[in-house]
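A quick write-up on the structure given underneath.
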Amino acid sequence: MITIENLQVTYDHNRVALDEISLKITGPTITGIIGPNGAGKSTFIKAMLNIVNHQGKVVIDGQPAKNKLKKIAYVEQKSNIDYTFPIKVKECVSLGTYANLTIFQRVGKEQWQKVSEALDILGVKEFENRQISALSGGQFQRVLLARCLVQDAEYIFLDEPFVGIDSVSEKIIMETLTNLKKKGKTILIVHHDLNKVKNYFDQLVILNQHLIAFGKTETIFTQANLKKAYGETVFIGGMEA
């Protein structure tokens, strides 16, 4: 369970990014985080991970979130990752095993087997010896999710994983995430494509600096809540939501 109490993030010149967010997320779940540009969606995840300074409490399974970081796998937006860094696909995925190794341990046979299995699940095994710079956007996103798999984290935070990827990769990623949920994982996804919300998420966090709504998708994904968040009528799939 993730318990958030009075979470607030303020940037320079007292600009409020998030204001007094309180909620509880009980897994297993695939929870979407939606809202307009500048709503604080990415900041929300980064605050939970202690990447940005914040006020308030973030408690995971009864402990401060900073004490549970090994149990959280995080993939930030692809645009923030150095796509040209000289590293092979299998080596990139193996980085996920480091969270469960001691300081003196190296990646061994057991870890490389997990890497191979994760690459197979995400359909990128054939690229294991390629440089990540040689991959398409969708292939690279699958590699990043494979890295999460080998970490065997209880919580997976993904920031805009479907931006700039092909439909095949999107399908494989969602199938993988659905299977992870069935295994008891809690998955949080920052997302912008409202057309996919009802199909992808069992619950939603709707933000615009403060919490607009939180709950089951079928209950809170309404035109009223979207108008509060986006400030205008939102059309989804050519129809008013």
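Heads up: the sequence shown begins at 1288 in this note's numbering, then just goes up one per residue. Glycine included, C-beta positions come from ideal geometry on N, C-alpha and C. Source: prediction; values computed, not measured.
- Annotation for lysine 1377: Val1402 and Glu1415 place their beta carbon closer than 6 Å to its own, counting only its chain and skipping 5 residues before and after.
- Within the DSSP bridge table, the entry for alanine 1304 names no partner.
- Non-local beta-carbon contacts of lysine 1353 in its own chain, meaning distances under 6 Å to residues more than five positions away in sequence, involve Asn1337 in chain order.
- Taken through DSSP and simplified to helix, strand or coil, glycine 1322 comes out as coil.
- Proline 1351 is bridged by DSSP to Val1346.
- One Cα belongs to glutamate 1404, the other to glycine 1410, and the distance between them is close to 10 Å.
- In the three-state reduction of the DSSP assignment, asparagine 1387 falls in the helix class.
- Residue pairing from DSSP places glycine 1502 in a beta bridge opposite Leu1491.
- DSSP places serine 1420 in the helix class (H, G or I) of the three-state scheme.
- When the five nearest sequence neighbours on each side are left out, the beta carbons in the same chain lying within less than 8 Å of the beta carbon of threonine 1318 are those of Ile1312, Thr1473, Ile1474, Leu1475, Ile1476, Phe1488, Asp1489, Gln1490, Leu1491 and Val1492, in order along the chain.
- Residue burial is scored here from C-beta neighbours: alanine 1516 has at least 16 other C-beta atoms within 10 angstroms and is therefore classed as buried.
- Between the alpha carbons of isoleucine 1332 and isoleucine 1289 lies a gap of roughly 12 Å.
- If only complete runs of 3 or more residues are kept, the region 1413 to 1463 shows the beta strand (DSSP E) at 1442 to 1446, in order along the chain.
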